[in-house]
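Before any comments, here is the structure.
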Amino acid sequence: MALQVFNTRTRRLEAFVPADPHVVRIYTCGLTVYSAMHIGHARTYCFWDVFRRYLEYRGQHVLSVINYTDIDDRIIAKAADGADAGAPGGWLEVAESVIATFRRDCRALRIKDYAAYTRATDFVDAQIDMVRQLLASGHAYVVDGEVFYDVQSFPRYGELSGNTLDGQQAGASGRVGEDLDRKRHPADFTLWKPSTPEQPTWNTGEAAWPQGRPGWHIECSAMATAMLGRHFDVHGGAVDNLFPHHENEVAQSEPLCGHPWVRYWMHPEHLDLRGVKMSKSLGNVIGIPDLLSRHRYDEIRWFFASTHYRTKLAFSDELIDACAEGFKRITRAVKLLAERLRAVSPQARAVPVRSRYASMRAPEQAIPREREAFEHGVFGAATRAFLDRFVAAMDADLGCPQATAAMFDYVGELFAQGLETIDDPPSLMAAYRCLTRHLHVLGVETVDAELYPELAADCLATADEGTQQLAELRAVIDRMLEARAEARRSKDFARADAIRDLLKRAGVAVEDAPGGARWELVR
RNA sequence: GGCCUGGUAGCCAAGUGGUAAGGCGGAGGUCUGCAAAACCUCUAUUCGCCGGUUCGAUCCCGGCCCAGGCCUCCA
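So for the first sequence, this note's numbering puts the first residue at 2; every next one is plus one.
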């Protein structure tokens with residue numbers, strides 16, 4: 002069994018076979034950088050991150066490109082409204098600042114870095130060249146210095162999204178532009194438009210359309226092709242990109258690159274905000290810092306995994322909280338395993354079967370080789386069952402909900418089979434690595450570098466600076482807990498409770514367990 | 001008008017032509033100085049409604065009802 006994905010182009014599940022068996026080429030439509038990333042983007046980009054992580058888990062190399070649309074009327078408008086209204090290049094500053102927060106927000110959500118982040122304005126030459134070719138091949142026409150794509154010149158127009166030309170009702174959405182009188186068909190779209198003196202502009206060297214700026218759709222086509230070649234494996238964005246954006250991209254690209262331009266089109270669904278429309282005019286756009294002030298990144302990641310990517314995700318703080326409640330069981334198991342492993346000597350916790358990280362390995366071998374290490378020890382049978390379910394779930398069009406269900410059952414088995422009592426380091430280590438390795442696939446990077454250095458090396462390290470302080474904090478708390486244990490031994494429960502209350506007020510929850518007190522940071 | 005989803009327990013949410021994963025919540029229990037937490041067990045004779053195909057349908061087909069998305073702003 003191999004990975005299957007739902008291809009929007011064919012509306013079917015298909016075996017995922019990259020053109021080049023060694024590298025998967027993925028292009029993701031990124032932000033139009035006129036305002037910061039919000040929770041909707043978070044779902045989309047977290048999905049693409051999990052997709053990439055799973056491919057890597059499967060032993061594939063992934064070449065992923067994401068773009069910034071940094072030239073757009075909304076950016077220009079924002080710059081015109083801002084404090085430095087009218088300043089030359091103000092639109093670039095708007096773009097720069099949004100890009101910076103985007104990168105920061107992605108890292109906070111542990112979205113792995115892309116191989117390249119392309120900017121539309123860095124590829125204007127390629128865009129001009131594409132427009133030129135489309136004109137030459139009769140797929141575009143010029144009206145008053147503006148270049149339009151002629152949809153009627155492309156018979157397959159509408160195949161990707163299902164919005165065929167004869168089925169479309171122009172203006173049904175109430176958003177038809179004002180160019181109707183100049184277009185040959187209402188669905189024709191802008192490839193290049195002239196700029197007024199105060200708008201950013203590029204010279205083309207063409208007499209009929211001498212200057213101006215690119216249309217939205219041509220940007221992505223030019224960037225994707227420039228970075229990934231005339232044909233590549235996966236192109237995506239969220240569902241809203243399907244039409245018109247991706248449809249138009251196909252129409253522009255296939256006359257020049259051939260069909261199919263892209264092997265697999267994938268479109269994750271939106272958030273379902275339960276009737277509430279998130280929009281800037283309503284002032285209810287939830288940004289990433291806001292989201293992260295209410296939920297930890299790993300809770301958000303686990304929450305995203307709770308619903309299939311092609312299903313609308315019911316979103317609310319309460320739902321995330323409910324999901325996080327269940328997630329505690331997983332993290333608790335990881336923590337218990339780590340604690341018990343740390344308690345034994347380094348030598349004793351050595352894992353007999355080498356567990357090497359999968360990349361650089363042929364896809365067919367990657368999982369079996371890793372499995373050997375995971376399946377070792379007393380939890381072997383449970384681990385085997387878990388691995389089978391996890392891989393089967395993810396192979397079936399990234400079935401994260403089933404993958405998480407498998408993990409819940411696995412953790413249940415670990416507890417049932419003596420997670421808290423069995424004293425065999427290799428067994429504990431195998432289970433620890435198995436859990437953290439698979440959480441990592443789902444975007445949860447909870448791993449102790451000492452216990453699983455190979456995996457830790459692949460995590461977005463954001464805690465480096467805090468490590469030393471954290472160790473000191475840990476020592477202080479441990480001393481307080483030692484004092485409390487002393488009080489309990491001498492039956493001075495008032496003092497013991499006082500220490501517990503003090504820690505609680507400081508945000509440290511203490512719980513008594515058979516082996517001694519445990520603590521964790523709480524909000 | 002065209003295209004497309006989805007309606008599964010109080011809530012979220014998988015899924016299969018052979019009789020319903022998982023999580024939250026709820027109910028018991030174990031442990032505990034007390035707490036809290038944790039762990040264990042239980043929690044849909046039923047999958048919007050009506051027909052049909054079938055030995056058998058939640059899953060296939062037809063009709064109906066309801067909710068939602070897209071048809072050039074949108075992740």
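The C-beta atom is built at its ideal place from N, Cα and C for all residues, glycine as well.
Just to check, is the beta-carbon of residue i closer than 7 Å to a non-hydrogen atom of the ligand ATP?
{"i": "Gln403", "result": "The ligand ATP is absent from the structure shown, which contains no ligands of any kind."}
Out of curiosity, what's the CA-to-CA distance linking residue i and residue j?
{"i": "Met361", "j": "Gln5", "result": "For Met361, the predicted structure reports a pLDDT of 44, less than 50, and the residue's modelled location is therefore unreliable. A value from the coordinates is still provided. For Met361 and Gln5, the distance between alpha carbons rounds to 22 Å."}
{"i": "Ala359", "j": "Tyr453", "result": "Residue confidence is low: Ala359 scores 45 on pLDDT, short of 50, so the model does not pin down where it sits. Its coordinate-derived value is still stated next. Cα to Cα, Ala359 sits roughly 13 Å from Tyr453."}
{"i": "Asp71", "j": "Ala499", "result": "57 Å"}
{"i": "Arg105", "j": "Ser138", "result": "43 Å"}
{"i": "Asp21", "j": "Gly230", "result": "12 Å"}
{"i": "Gly91", "j": "Ala78", "result": "10 Å"}
{"i": "Tyr28", "j": "Arg53", "result": "11 Å"}
{"i": "His246", "j": "Thr226", "result": "16 Å"}
{"i": "Thr165", "j": "Trp262", "result": "19 Å"}
{"i": "Arg501", "j": "Arg485", "result": "8 Å"}
{"i": "Cys460", "j": "Gly168", "result": "48 Å"}
{"i": "Arg490", "j": "Asp114", "result": "51 Å"}
{"i": "Arg302", "j": "Thr33", "result": "24 Å"}
{"i": "Arg475", "j": "Leu342", "result": "17 Å"}
{"i": "Asp291", "j": "Ile478", "result": "29 Å"}
{"i": "Arg357", "j": "Glu371", "result": "Confidence is the limiting factor: at Arg357 the pLDDT is only 48, short of 50, which leaves the residue's position unreliable, though a coordinate-based value still follows. Computed Cα separation, rounded: 7 Å."}
Please tell me whether residue i and residue j are closer than 8 Å, where the distance is taken between their beta carbons.
{"i": "Cys30", "j": "Gly238", "result": "yes"}
{"i": "Tyr310", "j": "Asn8", "result": "no"}
{"i": "Gln348", "j": "Phe380", "result": "no"}
{"i": "His268", "j": "Leu243", "result": "yes"}
{"i": "Val509", "j": "Ala518", "result": "no"}
{"i": "Asp73", "j": "Tyr118", "result": "no"}
{"i": "Ile76", "j": "Ala101", "result": "no"}
{"i": "Arg480", "j": "Leu456", "result": "no"}
{"i": "Asn285", "j": "Phe190", "result": "no"}
{"i": "Tyr1", "j": "Phe149", "result": "Residue numbering for the chain in the displayed model covers 2 to 524; residue 1 lies beyond these limits and cannot be assessed."}
{"i": "Glu373", "j": "Thr312", "result": "no"}
{"i": "Gly288", "j": "Trp210", "result": "no"}
{"i": "Val144", "j": "Ala252", "result": "no"}
Hey, could you find the ends of the beta strand (DSSP E) residue i is sitting in?
{"i": "Glu234", "result": "Reading the sequence as shown, one finds Asp at residue 234 and not Glu. Phe233 to Gly237 is the extent of the beta strand (DSSP E) around Asp234."}
{"i": "Gln5", "result": "Gln5 to Asn8"}
{"i": "Ala16", "result": "Arg13 to Ala16"}
{"i": "Ser65", "result": "His62 to Tyr69"}
{"i": "Arg26", "result": "Val24 to Thr29"}
{"i": "Trp262", "result": "Note, Trp262: premise wrong, no beta strand (DSSP E); not H, not E."}
From which residue to which residue does the alpha helix (DSSP H) around residue i run?
{"i": "Met38", "result": "Neither: Met38 is in no alpha helix (DSSP H) and is coded neither H nor E."}
{"i": "Ala78", "result": "Asp74 to Asp82"}
{"i": "Gly327", "result": "Asp318 to Ala344"}
{"i": "Leu503", "result": "Phe494 to Arg506"}
{"i": "Met228", "result": "Trp217 to Leu229"}
{"i": "Ser428", "result": "Pro426 to Val442"}
{"i": "Asn249", "result": "Glu248 to Cys258"}
{"i": "Ser98", "result": "Gly91 to Ala109"}
{"i": "Gly413", "result": "Cys401 to Ala417"}
To the nearest whole angstrom, what separates the beta carbons of residue i and residue j, a pair I think is in contact under 8 Å?
{"i": "His442", "j": "Tyr46", "result": "For the record, residue 442 in the displayed sequence is Val; it is not His. About 16 Å separates the two Cβ atoms, so there is no contact after all."}
{"i": "Met228", "j": "Val125", "result": "Actually they do not touch by this definition, with Cβ atoms about 15 Å apart."}
{"i": "Ala383", "j": "Glu414", "result": "4 Å"}
{"i": "Thr405", "j": "Ser307", "result": "6 Å"}
Helix or strand or just coil, what does DSSP make of residue i?
{"i": "Phe124", "result": "helix"}
{"i": "Phe380", "result": "coil"}
{"i": "Glu147", "result": "strand"}
{"i": "Leu293", "result": "helix"}
{"i": "Trp193", "result": "strand"}
{"i": "Asp513", "result": "strand"}
{"i": "Thr119", "result": "strand"}
{"i": "Asn285", "result": "coil"}
{"i": "Met279", "result": "coil"}
{"i": "Ser154", "result": "helix"}
{"i": "Gly213", "result": "strand"}
{"i": "Ala349", "result": "coil"}
{"i": "Tyr55", "result": "helix"}
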